[in-house]
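Asks:
Protein chains in written order, with UniProt numbering: chain A, 1 to 185; chain B, 1 to 185.
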């Protein structure tokens, strides 16, 4: 897999990539250790500040890295990376350096200490905005503070998890822009 | 659009339909009034109890109906309903009976007073499980208490909103079941 060259992207527009509901890879760092986990339970919560809510189960090795560092990067993989996405979810950062094992490139982020995954289509640098629901629901509310997106393709083939080992691959993109009332886009 | 015949579906498996991130239609009822809104900001939060978190902006007419009744139904439309989905988001329940205007069939639910939308592929009856984040984030945590899913097609063509009037239509479904470590599905 090749490293994708990225450009800056407005943080208040990350819904473009996250609202359709793709599986993402969450990278984290704490005291010299890094990790990657797969995540499917996330949603946009606000445009500005750019808030993303997500569940990170306590059993994940990443849970403590993210809880303690109060940071992560949400990375957007595409279908060419699907086997890697599955394999990342199959092993634990407790005994595996996932960047090394899966030959992924850790690139420095700008606003956080967690690394970007170079091979992903997009990288969203996040800081914990509200941790009040971590205890009860493992629910983290992050603010996206910096976004990087590859110039092409325009419509990346993201993968969307359905459970039971099945993934839906992003299909045709159609516009209904002309049908929307202004202000409702 | 035809009414879809449904069968009962296990509530702890609703991720099958919601985790891929489709646009949904939320129906509600309060004191004899019903309404429908489109929603894209939702995610699975737990299998059992079956929890779904979602943002319902305060400007929506549905907000007060759902907040007061503490109930709603999350309905899953498919691409044949896309124009209706857009049009539902373009008008307000304050001055429109959306079931009548869009010729949608309100069917009685089993566990809640909000109606099912008969033409949708699936209907998930929800009761408010936690309203603590409504004030700060318009964030509702629902428990799915009853699920109804059409027998076919197996893979409904859901639509996934990207903002700016653009929708991604659900594409190919591929399995990596054999690649998963048992227990990680």
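The beta carbon of each residue, even a glycine, is placed where N, CA and C say it ideally should be.
Only a predicted model underlies this, so the values are computations on that prediction, with no experimental measurement involved.
Taking its Cβ as the centre, do 16 or more other Cβ atoms sit within 10 Å of residue 71 of chain B, making it buried, or is it exposed?
Replies: To locate residue 71 of chain B, count along the second chain from 1; it is residue 71. It is buried - the Cβ of residue 71 of chain B has at least 16 other Cβ atoms within 10 Å.
Asks: Please report how far the alpha carbon of residue 25 of chain B lies from the alpha carbon of residue 120 of chain A, in whole angstroms.
Replies: Indexing the second chain from 1 puts residue 25 of chain B at position 25. Indexing the first chain from 1 puts residue 120 of chain A at position 120. If you take the alpha carbons of residue 25 of chain B and residue 120 of chain A, they lie about 31 angstroms apart.
Asks: Can you name the residues of chain A whose CB is closer than 8 angstroms to the CB of residue 173 of chain B?
Replies: Reading the second chain from its first residue, position 173 is the one you call residue 173 of chain B. The contacting residues are 162, 166, 167, 168 and 169.
Asks: Please identify the residue among A:19, A:130, A:123 and A:161 whose C-alpha is closest to the C-alpha of residue 8 of chain A.
Replies: As a working note, residue 8 of chain A is residue 8 in the first chain. Selected option, being the one with the closest Cα: A:123.
Asks: Alpha carbon to alpha carbon, how far is residue 20 of chain A from residue 54 of chain A? Give it in angstroms, no decimals.
Replies: Taking the first chain and counting its residues from 1, the one referred to as residue 54 of chain A is at position 54. Taking the first chain and counting its residues from 1, the one referred to as residue 20 of chain A is at position 20. One C-alpha to the other measures close to 14 angstroms.
Asks: I need the DSSP call for residue 56 of chain A, collapsed to helix, strand or coil.
Replies: Translated into positions along the first chain, residue 56 of chain A becomes position 56. In this structure, residue 56 of chain A counts as coil in the three-state DSSP scheme.
Asks: To which residues does DSSP link residue 188 of chain A through a beta bridge?
Replies: Here chain A covers residues 1 to 185 and nothing more, so residue 188 of chain A does not appear.
Asks: Enumerate in chain order the residues of its own chain whose CB-to-CB distance from residue 116 of chain B is below 6 angstroms, with the five nearest sequence positions on each side excluded.
Replies: Taking the first residue of the second chain as 1, we reach residue 116 of chain B at position 116. Answer for residue 116 of chain B: 73, 107, 109 and 123, listed in chain order.
Asks: Among the candidates B:152, B:156 and B:83, whose CA atom is the shortest distance from the CA of residue 6 of chain B?
Replies: Here residue 6 of chain B is taken as the residue at index 6 of the second chain, counted from 1. If we check each option's Cα against that of residue 6 of chain B, B:152 comes out closest.
Asks: So the candidates are B:48, B:36, B:105 and B:150; which of them puts its Cα closest to the Cα of residue 142 of chain B?
Replies: Counting from 1 along the second chain, the entry for residue 142 of chain B is found at position 142. For the residues B:48, B:36, B:105 and B:150, the minimum Cα distance to residue 142 of chain B belongs to B:48.
Asks: Name the chain A residues that come within less than 8 angstroms of residue 19 of chain B, Cβ to Cβ?
Replies: Numbered from its first residue, the second chain carries residue 19 of chain B at position 19. Simply 21, 40, 41, 160, 161, 162 and 163.
Asks: Using the C-alpha atoms, what's the distance from residue 140 of chain A back to residue 186 of chain A?
Replies: Nothing can be reported for residue 186 of chain A: it is not among the residues displayed for chain A, which extend from 1 to 185.
Asks: From residue 125 of chain A to residue 97 of chain B, what does the alpha carbon distance come to, in whole angstroms?
Replies: Looking up residue 125 of chain A in the first chain gives position 125. Looking up residue 97 of chain B in the second chain gives position 97. Using only the alpha carbons, I get a separation of about 43 angstroms.
Asks: Starting from residue 45 of chain B, find everything on chain A with Cβ-Cβ shorter than 8 angstroms and list it in chain order.
Replies: If you number the second chain from 1, residue 45 of chain B lands on position 45. Within chain A, the residues near residue 45 of chain B are 41, 55, 137 and 139.
Asks: Determine the direct distance from the alpha carbon of residue 135 of chain B to that of residue 168 of chain A, and round the result to whole angstroms.
Replies: Here residue 168 of chain A corresponds to residue number 168 of the first chain, with the count starting at 1. Here residue 135 of chain B corresponds to residue number 135 of the second chain, with the count starting at 1. Rounded to whole angstroms, residue 168 of chain A to residue 135 of chain B spans 35 angstroms at the Cα level.
Asks: Go through the UniProt domain "Flavin reductase like" (16-167) of chain B residue by residue and report every complete run of the beta strand (DSSP E) that reaches 3 residues or more, in order.
Replies: Whole beta strand (DSSP E) segments, 3+ residues: 24-30, 33-39, 42-46, 51-55, 71-76, 122-130, 139-150 and 159-161.
Asks: DSSP three-state label for residue 2 of chain B, please.
Replies: To locate residue 2 of chain B, count along the second chain from 1; it is residue 2. Residue state, collapsed to three classes: coil.
Asks: Return no unless some Cβ of chain B is closer than 7 angstroms to the Cβ of residue 25 of chain A.
Replies: As a working mapping, residue 25 of chain A is identified with position 25 in the first chain. So, not an interface residue.
Asks: Shorter than 7 angstroms from the beta carbon of residue 124 of chain B to some beta carbon of chain A?
Replies: The residue labelled residue 124 of chain B in the question sits at position 124 within the second chain. No, its Cβ sits nowhere closer than 7 angstroms to a Cβ of chain A.
Asks: Closer than 7 angstroms, CB to CB, is residue 116 of chain B near chain A or not?
Replies: As a first step, residue 116 of chain B must be located in the second chain, where it is residue number 116. Not an interface residue.
Asks: Mind checking residue 87 of chain A: buried by the 16 CB within 10 Å criterion, or exposed?
Replies: Locating residue 87 of chain A in the first chain gives position 87, counting from the first residue. So residue 87 of chain A counts as buried.
Asks: If you run the structure through DSSP and keep just helix, strand and coil, what is residue 11 of chain A?
Replies: Counting from 1 along the first chain, the entry for residue 11 of chain A is found at position 11. Helix at residue 11 of chain A.
Asks: What residues of chain B sit near residue 184 of chain A, judged by a beta carbon separation below 7 angstroms?
Replies: Start at 1 with the first residue of the first chain, and residue 184 of chain A comes out as number 184. Near residue 184 of chain A (Cβ distances below 7 angstroms), the residues of chain B are 89 and 90.
Asks: Residue 137 of chain A to residue 111 of chain A, Cα distance in whole Å?
Replies: The count along the first chain starts at 1 and reaches residue 137 of chain A at position 137. The count along the first chain starts at 1 and reaches residue 111 of chain A at position 111. Roughly 27 angstroms separates the two Cα atoms.
Asks: Is the beta carbon of residue 103 of chain B closer than 7 angstroms to that of residue 166 of chain A?
Replies: Within the first chain, numbered from 1, the residue matching residue 166 of chain A stands at position 166. Within the second chain, numbered from 1, the residue matching residue 103 of chain B stands at position 103. No; because the gap between Cβ atoms is not below 7 angstroms, this pair is not in contact.
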